[in-house]
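Colleague: Numbered continuously in our numbering, the sequence shown closes out at residue 298.
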Amino acid sequence: MDMPQLVSFIQSAALVCALLIPNSITLAETPPTSSIATTEQVPLKRPEPSQEYMFTYSKLYGQLKQNRDYQDSDVKLGLFFIDTQTGSTCRINKAWMEKEAHYEELIIPSSQELPLPIDANLRSANPLVFIQLPSSPTCSYSFVVMRKSPWVEKVSLNDVQVLLPQMQSLLNDLGGLFSRWFTPTITGVTLEFSPSTHSTLRFADGTEKAINNHKVQITIEELQRHGSLALHAPTRRVLPYIPK
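1. I need the DSSP call for Q186, collapsed to helix, strand or coil.
2. Going by the CB atoms, is the gap between L277 and F247 shorter than 9 angstroms?
3. To the nearest angstrom, report how far apart L160 and I185 are at their CA atoms.
4. Is it buried or exposed, V130, if we count other Cβ atoms within 10 angstroms and call 16 or more buried?
5. Can you tell me where the beta strand (DSSP E) with R177 in it begins and where it stops?
6. Enumerate in chain order the residues of its own chain whose CB-to-CB distance from K99 is below 7 angstroms, with the five nearest sequence positions on each side excluded.
7. I'd like to know whether the C-beta atoms of N226 and S142 end up nearer to each other than 9 angstroms.
8. Enumerate, from N- to C-terminal direction, the unbroken beta strand (DSSP E) stretches of 3 or more residues contained entirely within the region 120–156.
9. Which residue marks the beginning of the beta strand (DSSP E) containing R291, and which one marks its end?
10. With 16 as the cutoff for other CB atoms within 10 Å, does M221 come out buried or exposed?
11. For S104, which residues from the same chain have a beta carbon less than 7 angstroms from its beta carbon, with the 5 sequence-adjacent residues on both sides left out?
12. Expressed to the nearest angstrom, what Euclidean distance is found between the alpha-carbon atoms of E154 and A179?
13. Find the nearest neighbour of N121 within the set Q139, F197, S164, L182, judged by alpha-carbon distance.
14. Taking DSSP's pairing of strands, which residues face M221 in a bridge?
15. Distance check for A149 and P163, CA to CA, integer angstroms please.
16. Nearest CA to the CA of Q166: which residue from A174, F236, G132, T140?
Below is the structure:
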């Protein structure tokens, strides 16, 4: 076997070995480290069962690019993973982007929003985006219109009146050219709190509103009738409320 044939044979063997690696094992599970030879045998820790999602960056960018037009607004489009049974936010164990030798881990905030940077250069590079979640519950990804920052202490009528047109505009833009013909009207907000928040909220006139499944819906009409709503915990997310 001459030298070109030998090189071709080695390359083919390497490709076959790569294709035989199980799908559940990826290079992204461990960031690149220096390779130091060692003879010490280290027991392998069995990984916890998990759900793993993979997207191309361009697929997620197609929706999240709307945020570039709302940089000076109070609202944005967020990406979350949602429990298909309860509608609660799923916990993200780990998320990262990788492209060939490049690796970048994403730092997950307490809100569990996927903090994907919006960048045209990344769109051109089009890395793979990996997200690991616990094996249970079953989750699916969801883009949501939301307020950029939480509300603390209270929610006033003016707060909601300023916010709703911005939410409606972003929702319409997501629907496209003819969205105003069929996009539902937002009539209030859904306040979402941390899972440990179980209590009632009180309007200025003393009327109480119960928190169910760490969420409560507030309409413009309620704020007009009862006054501002006092909060004893900051909101985790502020979402549009669209009555069914």
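We put the CB at the ideal spot given by N, CA and C, even for glycine.
Modeller: In this structure, then:
1. Within the sequence shown, numbered from 1, the residue matching residue 186 stands at position 132. Q186: strand per DSSP, three-state reduction.
2. Counting from one through the sequence shown, the residue named residue 247 turns up at place 193. Counting from one through the sequence shown, the residue named residue 277 turns up at place 223. No, these two residues do not count as a Cβ contact at 9 angstroms.
3. By one-based count along the sequence shown, residue 160 stands at place 106. By one-based count along the sequence shown, residue 185 stands at place 131. In this model, L160 and I185 are separated by some 9 angstroms (Cα to Cα).
4. Along the sequence shown, one-based indexing puts residue 130 at 76. Just to set this straight, residue 130 is Lys in the shown sequence, not Val. Buried: at least 16 other Cβ atoms inside 10 Å.
5. As a working note, residue 177 is residue 123 in the sequence shown. Unbroken run through R177 is the alpha helix (DSSP H), 174–179; no beta strand (DSSP E).
6. As a first step, residue 99 must be located in the sequence shown, where it is residue number 45. Reliability of the predicted coordinates at K99 is poor, the pLDDT of 45 falling under 50, and no value is obtained from them.
7. Position 172 of the sequence shown, counted from the first residue, corresponds to residue 226. Position 88 of the sequence shown, counted from the first residue, corresponds to residue 142. Not closer than 9 angstroms, so no.
8. Counting only runs of 3 or more, we get 129–137, 148–153.
9. Locating residue 291 in the sequence shown gives position 237, counting from the first residue. In this chain, the beta strand (DSSP E) harbouring R291 covers 291–295.
10. As a working note, residue 221 is residue 167 in the sequence shown. Taking all protein chains shown into account, M221 has 16 or more neighbouring C-beta atoms within 10 Å of its C-beta and is therefore buried.
11. To locate residue 104, count along the sequence shown from 1; it is residue 50. Cβ neighbours of S104 beyond the five flanking positions: N147, Q186, L187, P188, S189.
12. To locate residue 154, count along the sequence shown from 1; it is residue 100. To locate residue 179, count along the sequence shown from 1; it is residue 125. Near 10 angstroms, if we compare the C-alpha coordinates of A179 and E154.
13. As a first step, residue 121 is located in the sequence shown; it is residue number 67 there, counting from the start. Comparing Cα positions, the closest option is F197.
14. To locate residue 221, count along the sequence shown from 1; it is residue 167. Residue pairing by DSSP places M221 opposite no residue, since no beta bridge is assigned to it.
15. Sequence index remark: in the sequence shown, residue 163 carries index 109 (1-based). Sequence index remark: in the sequence shown, residue 149 carries index 95 (1-based). Answer to the nearest angstrom: the Cα atoms are 11 angstroms apart.
16. Within the sequence shown, numbered from 1, the residue matching residue 166 stands at position 112. The option with the nearest alpha carbon to Q166 is G132.
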